[in-house]
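As structure tokens, the structure follows; a few thoughts come after it.
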Amino acid sequence: MKHPGSLLLAWQVKDKHCLVIGGGDVALSRVHHLIRAQARITVISGPNVHPEIQELDDKGEIFKLLKRDYDPDDLKMYEKLLLEISYKDIDESHYAQIDEQVKDEVFACVLCCIDDPVLLTKVYYQCKHLRLPVNIADKPPMCDFYFGSMFNQDSLQIMISTNGKSPRLLKMIKDDIAKQFADVKLNDAVDTLGAIRANLRERKLQDNSLETIEKRMEWIKKLTDFFTLRQWTQVELSKEQVDKVVDTYPDFPPSDYDEFLRFVS
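Once you know that position 36 of the sequence shown is 36 in UniProt numbering, the rest is easy, because the numbers rise by one and skip nothing.
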């Protein structure tokens, strides 16, 4: 039996160039997604740009706003001279330059939000030729990736996707999740457990061998399962209290919630 779906990933575009083609409502929504991801956003809006996109540019949220029509050369606007070397010959002497090129010269993704069917098709195939990941708005067959509906609480992100089949239903599901957790500070639990995990890695299990990674994962998993989601959201730990929790490794702090609170106090 085939299971229709896509691979849901957290795509790291922080500080990388991302291109938005279009200047309307859909382009604005894409810009908001990219701002949250801390991307360096270039917008080619055409002569008419959404006032909120202009406002975001005025605030410095957009790396570059070009109020003109799209040109194919825009897909390579930041590229400089690439490495004249076979990928098979790459060694440590090339790593820094490759990192710089990926960050400063190549678009991590292209988001096309226009309603010209001829031009958007051309943009799609130009991106395919250049091996650039592309999303053509409202054209699922022309999308390397979709924008799902997002529920956000700072570090916590929950994505829901219908694989492009029903955007409206997507919003209804997201709104229902938001209502369920309206009074729950989920990000507080994320921050608390994240601090414990980082402390464990820094002070107790430092190397990245497979055995050490498995030990870290197993200890954090068992600790997390001690309490309910709502209980973790109510735990606030100072740096010293986090140290106290981690100092119990390879054992654990009390698994009873009230005893745990007394233990860390």
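Quick reminder that beta carbons are idealized off the backbone N, C-alpha and C, glycines included.
Query, Result
"Using 8 Å for Cβ pairs, my map puts Leu28 next to Glu61. What's the rounded Cβ distance?", "No, Leu28 and Glu61 are not in contact; Cβ-Cβ is about 12 Å, not under 8 Å."
"In terms of alpha-carbon separation, which member of Asp154, Val235, Pro47 lies closest to Arg262?", "Val235"
"So, are the CB atoms of Leu66 and Val43 less than 8 Å apart?", "yes"
"Does DSSP classify Phe151 as helix, strand or coil?", "strand"
"Tell me the DSSP bridge mates of Leu42?", "According to the sequence provided, residue 42 is Thr. The question's Leu does not apply to it. Answer is Leu19, Lys64."
"Beta-carbon separation of Ile213 and Arg197 under 8 Å?", "no"
"Taking the CB atoms as reference points, tell me whether Leu193 and Thr224 lie closer together than 8 Å.", "yes"
"Residues in the same chain with beta-carbon distance under 6 Å from Ile158, minus the five sequence neighbours each way, listed in chain order, please.", "Phe151"
"Compute the Euclidean distance between the alpha carbons of Val26 and Pro250, then round it to the nearest angstrom.", "51 Å"
"In whole angstroms, what is the alpha-carbon distance linking Ile173 and Asn163?", "14 Å"
"Alpha carbon to alpha carbon, how far is Ile90 from Asp15?", "24 Å"
"What are the boundary residues of the beta strand (DSSP E) that includes Leu75?", "Leu75 -> no beta strand (DSSP E), and no H or E assigned at all."
"Beta-carbon within less than 6 Å of Cys109's beta-carbon, same chain only, minus the 5 sequence neighbours each way: which residues are those?", "Cys18, Pro133"
"Thinking just about the alpha-carbon of each residue, which of Ser86, Leu229, Glu79, Gly23 is nearest to the one in Glu55?", "Gly23"
"Who are the Cβ neighbours of Phe260 in its own chain at under 6 Å, not counting the five residues just before and after it?", "Pro253, Pro254"
"Using 8 Å as the threshold, is the C-beta distance between Asp115 and Tyr78 below it?", "no"
"Which residues does DSSP pair with Asn135 in a beta bridge?", "Leu111, Cys143"
"Looking only at C-alpha atoms, which of Tyr257, Gly46, Gln241 sits nearest to Leu200?", "Gln241"
"In the structure shown, what three-state DSSP assignment does Ile196 receive?", "helix"
"Which runs of the alpha helix (DSSP H) fall wholly inside the stretch 182-247 and span at least 4 residues, in chain order?", "186-203, 210-224, 229-233, 239-246"
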